[in-house]
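Numbering (our numbering), first residue to last: 105 to 200.
Below: the structure, in structure tokens.
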Amino acid sequence: KLDAFIGENPKLVEYYNGLSKDELIRKLMLGKMQRSEYTNQRNQEIVAWVEENPEIKAKVEQRIRNVPPENRERAFITAAKSFALNQAVQSRGVTP
Numbered sequence: 105k106l107d108a109f110i111g112e113n114p115k116l117v118e119y120y121n122g123l124s125k126d127e128l129i130r131k132l133m134l135g136k137m138q139r140s141e142y143t144n145q146r147n148q149e150i151v152a153w154v155e156e157n158p159e160i161k162a163k164v165e166q167r168i169r170n171v172p173p174e175n176r177e178r179a180f181i182t183a184a185k186s187f188a189l190n191q192a193v194q195s196r197g198v199t200p
């Protein structure tokens, strides 16, 4: 799939071949930084939503009660995302 994309986009390949190693690394790291910032922002929004909904917070806490402390933050966010998705589906009237 990647080879096909490269073959279909020779100008893009030429552009990237013209960049220095430092420029390539910076472009790659910029993309990773932006994805990380987006993920962190989304996670903060999920945590804020849970804090605003005590019944959801109680369910999330119940779900992660046996998770080791070092994994609890990640488990909290994962469980909260699951509840948020379920809440969105239910509010639209869609049954899973």
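For glycine and all other residues, C-beta sits at the position ideal for the given N, C-alpha and C.
Rounded straight-line distance, which links the Cα of residue j to that of residue i
i	j	result
residue 105	residue 127	25 Å
residue 150	residue 176	15 Å
residue 109	residue 121	15 Å
residue 199	residue 124	Residue placement at residue 199 is flagged as unreliable, the pLDDT there being 48, under the threshold of 50; a coordinate-derived value is accordingly withheld.
residue 135	residue 118	20 Å
Of the residues the options, the one placed nearest residue i, counting alpha carbons only
i	options	result
residue 158	144, 184, 140, 131	184
residue 191	154, 138, 144	154
residue 178	116, 148, 162, 156	148
Anticipated Cβ contact below 8 Å, residue i with residue j, distance rounded
i	j	result
residue 187	residue 171	Incorrect: roughly 15 Å between the Cβ atoms, too far for contact.
For residue i, the first and last residue of its enclosing alpha helix (DSSP H)
i	result
residue 144	125-156
Runs of beta strand (DSSP E) wholly within the segment 166-194 (minimum 3 residues, chain order) = The segment 166-194 contains no whole beta strand (DSSP E) run of 3 or more residues.
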